[in-house]
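Those protein sequence lines, which keep their order, are chains A and B. Take 1 as the starting number for the first sequence in the working numbering and just add one per residue. Take 114 as the starting number for the second sequence in the working numbering and just add one per residue. Beta carbons are placed, not taken as given, at the ideal position from N, Cα and C, and that holds for glycine. Remember, it's a predicted structure, so these values are computed and weren't measured experimentally.
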Amino acid sequence: DVKVTQSSRYLVKRTGEKVFLECVQDMDHENMFWYRQDPGLGLRLIYFSYDVKMKEKGDIPEGYSVSREKKERFSLILESASTNQTSMYLCASSFWATLEEQYFGPGTRLTVT
Amino acid sequence: KNEVEQSPQNLTAQEGEFITINCSYSVGISALHWLQQHPGGGIVSLFMLSSGKKKHGRLIATINIQEKHSSLHITASHPRDSAVYICAVSLSYNTDKLIFGTGTRLQVFP
């Protein structure tokens, strides 16, 4: 069974705090992704990584950074959390080959107060 | 205008009804995905298709590449089918990037 796990299901942080969201996959996937999901907007890609230490900006990278030091782990960092970053955050991974499915983690619901 | 449009946004049904959810897209794609998201957030990939039709149990997904349209059908619906169904497309020039529809919220009542 493919497993994509995220460090927390629910998280409450204060404005200005530094927030780390971690994602781990056990399928030796090359690609990993961070999305946020908001009502009426669907899922939007924040950043993705196609290899260790490699990253590319997605559609909404502002206010976020990422880290991929090991193949199985992809971290999303909010340097200074703001209330408009309150959202559901979903991590996904996929093989390098094209037309491959993305496997999603369970999501982290982040509330910034 | 969104590049991936789903309809309807919300759908309620009685147990046993046949359900259809539609997805239209305006970009060149290499594949289309149907995803299911249960309350609590976890997403499961149901289908990935680039042509024709796929069936898995009571779920059927079809795609018409010429018309840029896909449908997800649920036969003999059940309350446990209640979820958000999301259509997403892989772009033909960047197959690792997905563009998502906003989802269809389905509620099936006993």
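| message | Against chain A, does THR175/B count as a neighbour if the rule is that its beta carbon must be under 8 Å from one of theirs? | response | Counting from one through the second sequence, the residue named residue 175/B turns up at place 62. No, because no Cβ of chain A sits closer than 8 Å to the Cβ of THR175/B.
| Nearest to PRO61/A (by Cα), restricted to the options TYR103/A, VAL52/A, GLU72/A, ARG36/A | Within the first sequence, numbered from 1, the residue matching residue 61/A stands at position 61. Cα-wise, what sits closest to PRO61/A is ARG36/A.
| query | With distances taken between CB atoms, is the gap from LEU124/B to LEU219/B smaller than 8 Å? | reply | Residue numbering aside, residue 124/B sits at position 11 when the second sequence is read from its first letter. Residue numbering aside, residue 219/B sits at position 106 when the second sequence is read from its first letter. In contact: LEU124/B and LEU219/B (Cβ atoms closer than 8 Å).
| message | Let me check one thing: in DSSP terms, what residues is ASP38/A bridge-paired to? | response | By one-based count along the first sequence, residue 38/A stands at place 38. In the DSSP output, where bridge partners are listed per residue, ASP38/A has GLY42/A.
| Cβ neighbours of ASN135/B in the same chain (closer than 6 Å, five flanking residues each side left out) | The residue labelled residue 135/B in the question sits at position 22 within the second sequence. The residues are SER120, SER184.
| query | Grouping DSSP H, G and I as helix and E and B as strand, with all else coil, what is THR86/A? | reply | Position 86 of the first sequence, counted from the start, is the residue given in the question as residue 86/A. Coil.
| field | Min CB distance GLN85/A to chain E below 8 Å | value | Going by chain labels, chain E is absent from the structure shown, which instead holds the protein chains A and B.
| Cβ of SER75/A within 8 Å of Cβ of HIS29/A? | In the first sequence, residue 75/A corresponds to position 75, counting from 1. In the first sequence, residue 29/A corresponds to position 29, counting from 1. No; because the gap between Cβ atoms is not below 8 Å, this pair is not in contact.
| Any Cβ of chain A within less than 8 Å of the Cβ of LYS210/B? | Against the second sequence, residue 210/B aligns to sequence position 97. It does: the Cβ of LYS210/B has a partner Cβ on chain A nearer than 8 Å.
| query | With a CB to CB cut of under 6 Å and the five nearest residues on each side skipped, what residues in its chain are close to PRO223/B? | reply | Position 110 of the second sequence, counted from the first residue, corresponds to residue 223/B. The residues are GLU128, PRO192.
| request: Tell me, to the nearest whole angstrom, how far the beta carbon of VAL221/B is from that of ALA126/B; I am working on the premise that it is less than 8 Å. | output: Residue mapping note: residue 221/B aligns to position 108 of the second sequence, counting from 1. Residue mapping note: residue 126/B aligns to position 13 of the second sequence, counting from 1. 5 Å between Cβ atoms; contact.
| Under three-state DSSP, which class holds ASP194/B? | Numbered from 1 along the second sequence, position 81 holds the residue referred to as residue 194/B. In this structure, ASP194/B counts as helix in the three-state DSSP scheme.
| Where ASN31/A falls, given that 16 or more other Cβ within 10 Å makes a residue buried | Working through the first sequence from its first residue, we reach residue 31/A at position 31. Sixteen is the threshold: when 16 or more other Cβ atoms of the shown chains lie within 10 Å of the Cβ of ASN31/A, as they do, the residue is buried.
| query | Buried or exposed: where does SER205/B fall if 16 or more other Cβ atoms within 10 Å of its Cβ makes it buried? | reply | What you label residue 205/B is simply residue 92 of the second sequence in a count that begins at 1. Exposed.
| field | Contact list for the segment 54-84 of chain A against chain B, Cβ threshold 7 Å | value | none
| query | From ILE77/A, MET88/A, ASP26/A, pick the residue whose C-alpha is nearest to that of GLY42/A; which is it? | reply | Here the question's residue 42/A lines up with position 42 in the first sequence. Ranking ILE77/A, MET88/A, ASP26/A by Cα distance to GLY42/A puts MET88/A first.
| query | Between ASN115/B, THR175/B, SER158/B, which lies nearest to SER139/B when the distance is taken from Cα to Cα? | reply | For the purposes of this step, residue 139/B is identified with residue 26 of the second sequence, where counting begins at 1. Distances from the alpha-carbon of SER139/B to those of ASN115/B, THR175/B, SER158/B put ASN115/B closest.
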